[in-house]
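Enquirer:
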DNA sequence: GTCCTCCATGTAATCGATTACATCACCATA
DNA sequence: TATGGTGATGTAATCGATTACATGGAGGAC
């Protein structure tokens, strides 16, 4: 491939001049500029970003490590990140941690080696030594969706507590009393927060929180299904199952469907996290919607502040309850 | 950050030796190796992939340009690509073309600047000058899902013709005669191929192909909805609408639902491309499933052959019909 | 005419790794 | 004891850009 040196020779100027043209330096004659552009075109010159990055110590690249690429929540998050980064002239490298700490660490390592200018992480579990060290190095970093307590890292997340309280009130108003929560893992901040918010909401509503109605899954389809099976096998099964994320909801629907039970007649269903197809399920699923893409965009803005050397404030965006028909009164 | 020079000084060896340790060169004493590792650890040394790439002219990075990041088909494709690339020690940079040629070109440019070792493209439309030039340069390239005729580029795609013929036969066996096809854009190979296969299948089944039942969309939700509205407003609306991809199906379902019509009673629905939630729709949607993740994995293998200098053969994987309940006989 | 300023452009060091080639110590062999 | 081979390590060029500093010519002020 043509190098800057070739372009310089072809245009009869020095490499410095070509570099100036490349970087829109105003101190180049229009005539020279034109000659250089012509030479570039003729030689099909494509600047080498690797060489440039080595010299400038900036790659104009951001790293994004998501929890699970098959989860539409993270896909939409990635979309928001992509959009905002693209607008600011950055490229995004997405790593899929597959909800495993070792995969997450693999990507942290790779992305640091690649010298990304900043890192967006949806931390997979409790802090790993590598992430801890990453924080210490002071490299621009933002936690997205999830946080890790004890680490001073700006973050962007959704607050579901208000919406969860509304949901519980909604369920109560429809005559439901026995409400189960199929939560995410307690190792994730989102898992814990939703569980706590649910417990608080139940208390506020004056409803019993039974131990056997609380089960922790892993934010994936399989655990949603398994938990649903266990709950439905209880001597006194719950009237409602509230799932901690959209994939667990999907698993739960599988199990309910497989047993030939009807929603909400036999068991009502609600989901934390909304996805497009919930309106097409029979009945449409009541869900708590997060401002997902907006979370991604916000996180990029926050991260770029860090890249610019300014420190930013964590952001919490509100989630909201979307009532559909999957939680109506029994027999209604 | 610590450089190789610092590690060398700290361990009391030359940079060459450190580099050899880094690259598992066997001609380093175990004792020296240990000293170097200790120095790396102490200095928290992370090799600079940018510098390495500049020297070795290889980035161990692949570029993937997908059509639309919100389309679960491409997400799953990306997942397959990710998995296989990761196993081979490559990092993937994903670019979202958002079904626009200019966005696609933007990513082609960026990825070539970044000197990715190979490029996987789901070409957005007819060939652009940039893509044409890319092909001429001989850089390792594989087309994924879609192809561009006239360009000699290895590709990986699914063959839907057989499955489409089966689908039409299935529809006929259920008593359907007036079948509409909401296809993708004729500018995409997948749009054209599915349309042709559908036409051929209808002919083979001895069914009429009415012009007003053939409409081209853009593989996105909105066009699926608009086409459905148009079809249902026809003096003699079709008995079945077959959608060209999962997002257009989603849009179609929206419209049908909004009109309060029942499936398959008022109109039957089938989809090219299957997604997880189709089983939860009422009724579950009959669809043609592509081996999506496998396509992604295969494409990476093919691309890596190109990277290694060997030229590979295009691959066509079979799609298959999954019969559910959305196309049963009227009133059945 | 001389000198100074300013502007466009050129020269060469630099970023952090890899690697061809050089070197040096050690040992075996004649 | 000289010779040569071998194996570990070092020296320095190199990859392709950016950029501080140098240079040289044009034009204005006196």
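Chains as they are written, first to last, in the UniProt record's numbering: chain A, 1 to 332; chain B, 1 to 332.
Just so you know, even glycine gets a beta-carbon here, dropped at the ideal spot from N, CA and C.
Values in this document were obtained by computation on a predicted structure and should not be read as measured data.
To which residues does DSSP link residue 61 of chain B through a beta bridge?
Expert: As a working note, residue 61 of chain B is residue 61 in the second chain. In the DSSP output, where bridge partners are listed per residue, residue 61 of chain B has B:91.
Enquirer: Reducing DSSP to helix, strand and coil, say where residue 130 of chain A ends up.
Expert: The sequence position of residue 130 of chain A within the first chain is 130, counting from 1. Residue state, collapsed to three classes: helix.
Enquirer: Does chain A have any CB closer than 8 Å to the CB of residue 332 of chain B?
Expert: Start at 1 with the first residue of the second chain, and residue 332 of chain B comes out as number 332. Here residue 332 of chain B scores only 47 on pLDDT, less than 50, and its place in the model is too uncertain to base an answer on.
Enquirer: Under DSSP, the beta strand (DSSP E) around residue 29 of chain B begins and ends at which residues?
Expert: Translated into the one-based positions of the second chain, residue 29 of chain B becomes position 29. Element bounds for residue 29 of chain B: n/a, residue is neither H nor E.
Enquirer: Between residue 28 of chain B and residue 20 of chain B, what straight-line distance do the alpha-carbon atoms span, to the nearest angstrom?
Expert: Walking along the second chain from the start, residue 28 of chain B turns up at place 28. Walking along the second chain from the start, residue 20 of chain B turns up at place 20. So the two alpha carbons sit approximately 7 Å from each other.
Enquirer: Name the one or two DSSP bridge partners that residue 124 of chain B has.
Expert: For the purposes of this step, residue 124 of chain B is taken as residue 124 along the second chain, with counting starting at 1. None, per the DSSP bridge assignment.
Enquirer: Would you kindly report the start and end of the unbroken alpha helix (DSSP H) that includes residue 4 of chain A?
Expert: Taking the first residue of the first chain as 1, we reach residue 4 of chain A at position 4. Note, residue 4 of chain A: alpha helix (DSSP H), 4 to 11.
Enquirer: Who does residue 214 of chain B pair with in a DSSP beta bridge?
Expert: Taking the first residue of the second chain as 1, we reach residue 214 of chain B at position 214. DSSP, once it has assigned bridges, lists B:181 as partnering residue 214 of chain B.
Enquirer: Just curious, the beta strand (DSSP E) that residue 145 of chain B is in, first and last residue?
Expert: Counting from 1 along the second chain, the entry for residue 145 of chain B is found at position 145. First-last for residue 145 of chain B: undefined, no H or E at that position.
Enquirer: Over what stretch of residues does the beta strand (DSSP E) that includes residue 157 of chain B continue unbroken?
Expert: If you number the second chain from 1, residue 157 of chain B lands on position 157. Note, residue 157 of chain B: beta strand (DSSP E), 155 to 159.
Enquirer: Who are the Cβ neighbours of residue 252 of chain B in its own chain at under 8 Å, not counting the five residues just before and after it?
Expert: By one-based count along the second chain, residue 252 of chain B stands at place 252. The answer, listed in chain order, is 182, 224, 225, 227, 228, 241, 243, 269.
Enquirer: In chain order, what residues of the segment 280 to 296 of chain B put their CB closer than 8 Å to some CB of chain A?
Expert: Near chain A, meaning a CB-to-CB distance below 8 Å, the residues of the segment 280 to 296 of chain B are 280, 281, 282.
Enquirer: Just mark residue 137 of chain A as buried or exposed, buried being the case when its beta carbon has 16 or more other beta carbons within 10 Å.
Expert: Here residue 137 of chain A refers to the residue found at position 137 when the first chain is read from its first residue. By the 10 Å Cβ count, residue 137 of chain A comes out exposed.
Enquirer: Please report the distance separating the alpha-carbon of residue 318 of chain A from that of residue 125 of chain B.
Expert: The count along the first chain starts at 1 and reaches residue 318 of chain A at position 318. The count along the second chain starts at 1 and reaches residue 125 of chain B at position 125. Cα to Cα, the separation comes out at about 39 Å.
Enquirer: Take the Cβ of residue 150 of chain B as the centre, count every other Cβ of all protein chains shown within 10 Å, and call the residue buried at 16 or more, exposed below.
Expert: What you label residue 150 of chain B is simply residue 150 of the second chain in a count that begins at 1. Flag for residue 150 of chain B reads exposed.
Enquirer: Would a C-beta distance cut-off of 8 Å place residue 297 of chain B and residue 113 of chain B closer than the cut-off?
Expert: Your numbering for residue 297 of chain B matches position 297 in the second chain. Your numbering for residue 113 of chain B matches position 113 in the second chain. No, these two residues do not count as a Cβ contact at 8 Å.
Enquirer: In chain A, what lies closer than 9 Å to residue 250 of chain B by C-beta?
Expert: Stepping through the second chain from its first residue, residue 250 of chain B is reached at position 250. Within 9 Å Cβ-Cβ: 276, 277, 280.
Enquirer: Specify the secondary structure class of residue 246 of chain B as computed by DSSP and reduced to three states.
Expert: Locating residue 246 of chain B in the second chain gives position 246, counting from the first residue. Residue 246 of chain B falls in the helix class under three-state DSSP.
Enquirer: Below 8 Å, how does it come out for the segment 199 to 215 of chain A and the segment 154 to 169 of chain A: are there three or more Cβ pairs, yes or no?
Expert: yes
Enquirer: Taking the straight line between their C-alpha atoms, what separation do you get for residue 332 of chain B and residue 284 of chain B?
Expert: By 1-based counting over the second chain, the position of residue 332 of chain B is 332. By 1-based counting over the second chain, the position of residue 284 of chain B is 284. In this prediction, residue 332 of chain B has a pLDDT of 47, which is less than 50 and means its spatial position is unreliable; what the coordinates show is noted afterwards. Roughly 15 Å separates the two Cα atoms.
Enquirer: Between residue 1 of chain B and residue 43 of chain B, what straight-line distance do the alpha-carbon atoms span, to the nearest angstrom?
Expert: Position 1 of the second chain, counted from the first residue, corresponds to residue 1 of chain B. Position 43 of the second chain, counted from the first residue, corresponds to residue 43 of chain B. C-alpha separation (whole angstroms): 9 Å.
Enquirer: Helix, strand or coil: which one does DSSP assign to residue 272 of chain A?
Expert: Within the first chain, the letter at position 272 stands for residue 272 of chain A. In this structure, residue 272 of chain A counts as strand in the three-state DSSP scheme.
Enquirer: What are the residues of the segment 95 to 118 of chain A that lie near chain B, defined by any Cβ-Cβ distance shorter than 7 Å?
Expert: Those would be 96, 110, 112, 113, 114, 115, in chain order.
Enquirer: Using the Cβ count rule (16 or more neighbours within 10 Å means buried), how would you classify residue 326 of chain B?
Expert: Here residue 326 of chain B refers to the residue found at position 326 of the second chain. Residue 326 of chain B is buried by the Cβ-count criterion.
Enquirer: Can you name the start and end residues of the alpha helix (DSSP H) that residue 187 of chain B belongs to?
Expert: Residue 187 of chain B sits at position 187 when you count from the first residue of the second chain. First-last for residue 187 of chain B: undefined, no H or E at that position.
Enquirer: Chain B partners of residue 53 of chain A, CB-CB under 8 Å?
Expert: Along the first chain, one-based indexing puts residue 53 of chain A at 53. Those within 8 Å of residue 53 of chain A in chain B are 50.
Enquirer: Use the C-beta contact count for residue 156 of chain A: other C-beta atoms within 10 angstroms, 16 or more gives buried, fewer gives exposed.
Expert: Against the first chain, residue 156 of chain A aligns to sequence position 156. When all chains shown are included, residue 156 of chain A counts as buried.
Enquirer: How many angstroms separate the CA atom of residue 35 of chain A from the CA atom of residue 24 of chain A?
Expert: On the first chain, residue 35 of chain A is found 35 positions in, with the first residue counted as 1. On the first chain, residue 24 of chain A is found 24 positions in, with the first residue counted as 1. Cα atoms of residue 35 of chain A and residue 24 of chain A: separation of roughly 14 Å, rounded to the nearest angstrom.
Enquirer: Taking only beta carbons into account, state which residues of the segment 244 to 274 of chain A come closer than 8 Å to chain B, listed in chain order.
Expert: 250, 253, 254, 257
Enquirer: Any Cβ of chain A within less than 8 Å of the Cβ of residue 91 of chain B?
Expert: One-based indexing of the second chain puts residue 91 of chain B at position 91. Cβ-Cβ to chain A under 8 Å: yes for residue 91 of chain B.
Enquirer: Leaving out five residues on either side along the sequence, give the residues of the same chain with a beta carbon under 8 Å from the beta carbon of residue 118 of chain B.
Expert: Looking up residue 118 of chain B in the second chain gives position 118. Closer than 8 Å at the Cβ level, and outside the excluded window around residue 118 of chain B, lie 62, 63, 139, 140, 141, 142, 303, 304, 306, 307.
Enquirer: Straight-line CA distance for residue 209 of chain A to residue 192 of chain A?
Expert: Walking along the first chain from the start, residue 209 of chain A turns up at place 209. Walking along the first chain from the start, residue 192 of chain A turns up at place 192. Cα to Cα, residue 209 of chain A sits roughly 16 Å from residue 192 of chain A.
Enquirer: Quick one: complete beta strand (DSSP E) runs, 3+ long, within the segment 220 to 265 of chain A?
Expert: 240 to 243
Enquirer: How about residue 273 of chain B and residue 73 of chain B: do their beta carbons lie closer than 8 Å?
Expert: Taking the second chain and counting its residues from 1, the one referred to as residue 273 of chain B is at position 273. Taking the second chain and counting its residues from 1, the one referred to as residue 73 of chain B is at position 73. Yes. Within cutoff.
Enquirer: In chain A, what lies closer than 8 Å to residue 70 of chain B by C-beta?
Expert: Counting from one through the second chain, the residue named residue 70 of chain B turns up at place 70. What residue 70 of chain B touches in chain A: 75, 76, 79.
Enquirer: Quick one: is residue 59 of chain B near chain A, going by C-beta distance under 8 Å?
Expert: In the second chain, counting from the first residue as 1, residue 59 of chain B sits at position 59. Judged by the 8 Å Cβ criterion, residue 59 of chain B is in contact with chain A.
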